[in-house]
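All you need for the working numbering is the position in the sequence shown, starting with 1, plus 155. In this text, a Cβ means the ideal position worked out from N, Cα and C, and glycines have one as well.
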Amino acid sequence: MKITIRRPISTDQPAHVASLYYRVWQTAYRDILPARFLNALSVNSWHPEKRWANTLLAVDEQNTISGVCTFGPNRNDDYLNTSEIYSLYVDDGCRGKGIGHDLLSQALGMLPDDRDCFVVVLTENRSARHFYNRMGFKQSGEPETSVTKYGPINEVTLVKNGTNL
156 MKITIRRPIS TDQPAHVASL YYRVWQTAYR DILPARFLNA LSVNSWHPEK RWANTLLAVD
216 EQNTISGVCT FGPNRNDDYL NTSEIYSLYV DDGCRGKGIG HDLLSQALGM LPDDRDCFVV
276 VLTENRSARH FYNRMGFKQS GEPETSVTKY GPINEVTLVK NGTNL
């Protein structure tokens, strides 16, 4: 199966990307996030078209979307003049095939190479932390806990110096 990494085009459906987000969240975070939180989500919880300009998709020959990466200027006042990876998700059936690596590599190549880039991940998401460490990201600061109506959510910030690979 040949996978192409590209920006969204007019025939791509944001609903397909939202469905990918939903499926991945339900499996990847099942043992990490409170069940009440995951149960409250639906495909309609995501609106990927809001970041369409800062999105890369992994698609096969039939234009089936198997991965998505969103990125751009940071949204966090603690990291001025940096870039951010907003999200990176690969369909469960396609994990381990280099799709996440290819998505992130292309996203980093599109960001200003003189800026650090950061990503926030769930502290307990060991596979994501390992992936980003392999890609050159290192932990910045201590993990933080957000208290939500569903329970605590623990996150850690990872930073890559400059975006050149």
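Check                                                                                                                         : Outcome
In the DSSP assignment, find the unbroken beta strand (DSSP E) run with E275 in it and report its ends.                       : The residue you asked about is not Glu; residue 275 is Val in the sequence shown. Looking at the DSSP string, the run of the beta strand (DSSP E) that includes V275 is 272-277.
Using DSSP bridges, identify the partner residues of I308.                                                                    : S301
Could you check if G306 is buried or exposed, using at least 16 other CB atoms within 10 Å of its CB as the buried criterion? : exposed
According to DSSP, is L243 helix, strand or coil?                                                                             : strand
What does a CB cutoff of less than 7 Å around T312 pick up in its chain, not counting 5 residues either side in sequence?     : F273, V275, S295, G296
On the criterion of 16 or more Cβ atoms from any shown chain inside 10 Å, does K304 qualify as buried, or is it exposed?      : exposed
Below 7 Å between beta carbons: does that hold for T237 and R206?                                                             : no
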